[in-house]
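Sequential numbering from 317 applies to the sequence shown in my numbering.
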Amino acid sequence: MKKIASLLILVFAFSLTMQAQKKRKRMPKEKLTVEQQATLAVKKMALELELTAAQQRKLTPIITKQITERRAQGDKMRKAREEKKKVEATERYDRANKMLDKRLAFQKEMKSILTTEQFEKFKEKSKKREKGMKMMKKKKKMKHLKEKKKEKENE
């Protein structure tokens with residue numbers, strides 16, 4: 317009798333922990349407008365880099381343009397993913413090349429707006445952000461692979 321009771325408790329505890337680990341579906345968020353995103357980004361930069369009001373005014377149109385382009389590219393990528401269209405190597409190369417050109421141009425503009433001290437701080441922050449993005453990409457990829465593996469096991 318004790319064995320059965322302890323076994324039931326063990327099964328019950330296991331099922332509770334499994335339920336606790338299931339993720340809840342997130343409520344869809346409304347997207348911020350491009351201007352709202354740009355304003356927030358410039359204010360964050362102002363806090364991080366101690367920007368003057370003139371520097372903030374110069375940065376706002378640059379950041380707005382960048383966000384608009386990023387959204388357009390994201391929509392294009394989403395549409396291709398929905399169509400399950402494979403990206404060719406040349407297209408991937410062109411896209412990466414354009415992205416790097418844009419980053420170089422942005423960096424050049426930032427260098428002309430910021431002081432040398434601010435620019436160094438900006439580069440440090442950019443490197444940290446890039447490193448964090450790489451880690452997030454790895455986590456996402458691992459999660460995706462685990463989900464695929466589970467799907468194959470369930471079939």
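Yeah, the Cβ is synthetic: ideal placement off N, Cα and C, and Gly gets one too.
How many whole angstroms separate the CB atoms of residue i and residue j, which I take to be in contact at a CB cut-off of 8 Å?
i: residue 383; j: residue 354; result: 6 Å
i: residue 364; j: residue 441; result: 6 Å
i: residue 438; j: residue 426; result: 6 Å
Can you find the residues in the same chain that come closer than 7 Å, C-beta to C-beta, to residue i, ignoring five residues on each side of it along the sequence?
i: residue 358; result: 372, 375, 376 and 379
Along the chain, where does the alpha helix (DSSP H) that runs through residue i open and close?
i: residue 377; result: 369-398
i: residue 360; result: 350-365
i: residue 406; result: 405-429
i: residue 453; result: 432-470
Can you tell which of the options has the C-alpha that lies nearest to the C-alpha of residue i?
i: residue 392; options: 370, 411 and 405; result: 411
i: residue 369; options: 398, 444, 459 and 429; result: 429
i: residue 422; options: 325, 385, 454 and 452; result: 385
i: residue 387; options: 464, 347 and 461; result: 347
Given residue i, which residues of its chain have a CB within under 8 Å of its CB, disregarding the five upstream and five downstream residues?
i: residue 419; result: none
i: residue 366; result: 434
Residues in the same chain with beta-carbon distance under 6 Å from residue i, minus the five sequence neighbours each way, listed in chain order, please.
i: residue 349; result: none
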